[in-house]
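J.: Before anything else, here's the structure in question.
Chains as they are written, first to last, in our numbering: chain A, 588 to 701; chain L, 588 to 701.
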């Protein structure tokens, strides 16, 4: 089945759209995240979950641990548990990524900044 | 960490590159697949694994079950176990997708055509 973008959940600086709810095996989760133009997602980490990112639109600075990347469409990233990560979208376009969470047990985010 | 494309494994009509080996939790697997210009990946299904596809380059016909989609960069798809799927790349560009396998226990492909 195709993941169709319907109404997204607004979280202030970003929006998110869960995909394939009820269709994935236990411990996994999929969503599209869109960081709004000129906005950021603050530094945070997860206690248990792994995150795979596949960039699908726009361009932004993506920080993972000690490194800040310039993330562009087609780039793929892994964020392991307890690794701090953040996004800075300094452009005037939305920054969109497909996110797959593994070892997912519900929200386990620890925020270091808003 | 960033998933960097190094040498790909050639499978005739397509090439694949495993990513983040040894870094993902048990039961999951990630790779980039590139279907060569003018080539196809024949009909097959998997016994146990789920596949999430995020298209990152090119355009192709992607069949899943009873439906054939025109798949383009940014599109996201889910293939559930025992669902037949295939790719026809009728273009003169490579068709590239990021693939995440869930409930993965090793190769469990059943091929209906080459």
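Think of the CB as a built atom: it goes at the ideal place given N, C-alpha and C, for glycine as much as any other residue.
So, do the region 659-676 of chain L and the region 588-607 of chain A have three or more beta carbon pairs nearer to each other than 8 Å?
T.: Two segments are said to touch when three or more pairs of C-beta atoms, one from each, lie closer than 8 Å; by this definition the region 659-676 of chain L touches the region 588-607 of chain A.
J.: For residue 678(A), does the three-state DSSP call read helix, strand or coil?
T.: What you label residue 678(A) is simply residue 91 of the first chain in a count that begins at 1. Note: residue 678(A) maps to coil in three-state DSSP.
J.: CB-CB under 7 Å to residue 670(A), same chain, minus the five flanking residues each way: which ones, in chain order?
T.: By one-based count along the first chain, residue 670(A) stands at place 83. Cβ within range, chain order: 632, 651, 652.
J.: Please report how far the alpha carbon of residue 643(L) lies from the alpha carbon of residue 643(A), in whole angstroms.
T.: As a working mapping, residue 643(L) is identified with position 56 in the second chain. As a working mapping, residue 643(A) is identified with position 56 in the first chain. Approximately 7 Å, taken between the alpha carbons.
J.: Taking only runs that begin and end inside the region 633-691 of chain A, name each unbroken beta strand (DSSP E) of 3 or more residues, in chain order.
T.: 637-644, 647-651, 654-658, 663-666, 672-675, 682-689
J.: Helix, strand or coil for residue 604(A)? Go by DSSP, reduced to three states.
T.: Indexing the first chain from 1 puts residue 604(A) at position 17. Residue 604(A): strand per DSSP, three-state reduction.
J.: Which residues share a DSSP beta bridge with residue 621(L)?
T.: One-based indexing of the second chain puts residue 621(L) at position 34. Its beta-bridge partners are 602(L), 683(L).
J.: In chain A, which residues lie with their C-beta within 7 Å of the C-beta of residue 615(L)?
T.: Taking the second chain and counting its residues from 1, the one referred to as residue 615(L) is at position 28. Going along chain A in sequence order, the residues near residue 615(L) (Cβ under 7 Å) are 689.
J.: Could you pull the DSSP bridge partners for residue 597(A) from this structure?
T.: Walking along the first chain from the start, residue 597(A) turns up at place 10. BP columns for residue 597(A) point to 602(A).
J.: Using a Cβ-Cβ cut-off of 7 Å, state whether residue 685(L) counts as contacting chain A.
T.: Stepping through the second chain from its first residue, residue 685(L) is reached at position 98. Against chain A, the CB of residue 685(L) has a partner CB under 7 Å away; the residue lies at that interface.
J.: In chain order, what residues of the same chain have a beta carbon less than 8 Å from the beta carbon of residue 677(A), not counting five sequence neighbours either side?
T.: As a first step, residue 677(A) must be located in the first chain, where it is residue number 90. Cβ within range, chain order: 625, 647, 648.
J.: Could you check if residue 680(A) is buried or exposed, using at least 16 other CB atoms within 10 Å of its CB as the buried criterion?
T.: Counting from one through the first chain, the residue named residue 680(A) turns up at place 93. Flag for residue 680(A) reads exposed.
J.: Which whole-angstrom value is the C-beta distance of residue 667(A) and residue 610(L), which I expect to be below 8 Å?
T.: Against the first chain, residue 667(A) aligns to sequence position 80. Against the second chain, residue 610(L) aligns to sequence position 23. That belief holds up - the Cβ atoms of residue 667(A) and residue 610(L) are roughly 7 Å apart, short of 8 Å.
J.: Check the Cβ-Cβ distances between residue 612(L) and every residue of chain A, and say whether any is below 7 Å.
T.: Taking the second chain and counting its residues from 1, the one referred to as residue 612(L) is at position 25. Chain A, which has a Cβ nearer than 7 Å to the Cβ of residue 612(L), makes this yes.
J.: Just how far apart, CA to CA, sit residue 687(L) and residue 692(A)?
T.: Taking the first residue of the second chain as position 1, residue 687(L) is located at position 100. Taking the first residue of the first chain as position 1, residue 692(A) is located at position 105. Roughly 18 Å separates the two Cα atoms.
J.: In three-state terms, what does DSSP make of residue 614(A)?
T.: Here residue 614(A) refers to the residue found at position 27 of the first chain. Coil, per DSSP.
J.: Taking the alpha carbon of residue 674(L) as the reference point, which residue from 598(L), 606(L), 605(L), 630(L) has its own alpha carbon closest?
T.: Sequence index remark: in the second chain, residue 674(L) carries index 87 (1-based). That would be 630(L), whose Cα lies nearest to the Cα of residue 674(L).
J.: Would you say residue 693(L) reaches chain A, if we count a Cβ-Cβ gap shorter than 7 Å as a contact?
T.: Position 106 of the second chain, counting from 1, holds the residue named residue 693(L). No, because no Cβ of chain A sits closer than 7 Å to the Cβ of residue 693(L).
J.: For residue 696(L), I'd like the list of residues in its chain whose CB is within less than 7 Å of its CB, leaving aside the five on either flank, ordered along the chain.
T.: The sequence position of residue 696(L) within the second chain is 109, counting from 1. 631, 633, listed in sequence order.
J.: So, does the CB of residue 604(A) fall closer than 7 Å to a CB anywhere in chain L?
T.: As a position in the first chain, residue 604(A) is number 17, starting the count at 1. By this cut-off, residue 604(A) is not an interface position.
J.: Could you tell me whether the Cβ of residue 650(A) comes closer than 7 Å to any Cβ of chain L?
T.: Your numbering for residue 650(A) matches position 63 in the first chain. Cβ-Cβ to chain L under 7 Å: no for residue 650(A).
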